[in-house]
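For the sequence shown, the numbering used here gives the first residue as 89, with consecutive numbering after it. The structure under discussion appears below in the form of structure tokens.
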Amino acid sequence: MSRQKRKVVPQRRRIFVGCEGESEQGYVALLTRLAETQRLAVHLDAVLLQPGGGDPSSLVDLAIKRASEREKRHGAFEGRFILLDDDKLGISPDRDARIAPAANKAGLDLIWQHTCHEALLLRHLDGCAQRRPGSTNLAMAALSQAWPAYRKGMPAARLAERIDHEAIARAAAVEAALAGLLTKIGLIEAS
89 MSRQKRKVVP QRRRIFVGCE GESEQGYVAL LTRLAETQRL AVHLDAVLLQ
139 PGGGDPSSLV DLAIKRASER EKRHGAFEGR FILLDDDKLG ISPDRDARIA
189 PAANKAGLDL IWQHTCHEAL LLRHLDGCAQ RRPGSTNLAM AALSQAWPAY
239 RKGMPAARLA ERIDHEAIAR AAAVEAALAG LLTKIGLIEA S
């Protein structure tokens with residue numbers, strides 16, 4: 089009686105992604121779908137830090153805490169990232185000054201979304217990569233004009249209707265921190 093060889097399943101690389109809101113969480117779910125279509129052995133641990141956004145310093149502290157808790161339970165992450173809107177920077181300069189040192193110490197890469205997540209999504213769309221609306225309201229208006237069906241908090245399946253591999257490569261070309269995450273996942277080549 090011969091033994092059949094077992095198929096070896098590669099260990100998935102774990103990457104932590106702190107999400108300021110549900111919109112970011114849906115975007116990370118989209119990245120997971122894209123990684124699966126390319127058969128990348130990766131798990132994106134998308135953690136909702138608090139609904140509705142908040143103070144960037146508090147969000148970074150919470151991301152560091154959540155990543156450490158998850159590592160204790162499930163093992164080390166190959167990368168740690170957080171998606172943050174930059175529209176609240178400058179409100180508390182003392183707290184803002186603590187963000188980068190705390191993130192660096194914890195190995196957490198900051199992906200600042202200028203000004204908000206919808207502005208980052210806008211830069212994925214054809215002909216919009218260089219657009220940088222100056223406020224959250226302007227970003228929402230620009231995205232609504234370029235993508236009338238967009239709604240805040242859209243699930244990955246709906247995002248996939250407009251955002252594909254070509255779109256994330258387009259955004260990565262103008263968003264260095266996002267490119268770092270996409271490279272770590274394996275969705276784009278390091279530049």
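Beta carbons are placed, not taken as given, at the ideal position from N, Cα and C, and that holds for glycine.
Through-space distance from residue j to residue i, alpha-carbon basis
i, j, result
"Leu-119", "Leu-231", "20 angstroms"
"Gly-178", "Gln-218", "24 angstroms"
"Asp-143", "Arg-161", "27 angstroms"
"Leu-198", "Arg-211", "18 angstroms"
"Pro-243", "Ala-190", "31 angstroms"
"Arg-100", "Leu-147", "27 angstroms"
"Leu-122", "Arg-239", "21 angstroms"
"Thr-224", "Arg-94", "52 angstroms"
"Leu-269", "Ser-279", "13 angstroms"
"Val-194", "Arg-91", "In the sequence as presented, Val is not what sits at residue 194; that position holds Ala. Roughly 47 angstroms between the two C-alpha positions."
"Ile-103", "Ala-267", "14 angstroms"
"Phe-169", "Cys-216", "24 angstroms"
"Ala-265", "Ala-207", "15 angstroms"
"Leu-247", "Val-130", "20 angstroms"
"Glu-108", "Arg-154", "13 angstroms"
Reference residue i; option with closest CA among the options
i, options, result
"Glu-263", "Arg-158, Ser-180 and Leu-171", "Leu-171"
"His-253", "Asp-149, Asp-214, Ala-164 and Trp-200", "Asp-214"
"Gln-134", "Ser-279, Ala-117, Glu-206 and Gln-126", "A small correction: the amino acid at residue 134 is Ala; Gln does not occupy that position in the sequence shown. It is Ala-117."
"Arg-258", "Thr-203, Glu-277 and Ala-245", "Glu-277"
"Asp-174", "Ala-164, His-205 and Ala-245", "His-205"
Presumed contact (8 angstroms Cβ cut-off) between residue i and residue j, rounded CB distance
i, j, result
"Gly-106", "Leu-137", "5 angstroms"
"Lys-272", "Glu-157", "With a Cβ gap of about 21 angstroms, Lys-272 and Glu-157 do not count as contacting."
In the region 155-186, which residue ranges form an unbroken beta strand (DSSP E) of at least 3 residues, counting only runs that do not cross its ends? 167-173
Whole alpha helix (DSSP H) elements within the region 113-143, 4-residue minimum: none
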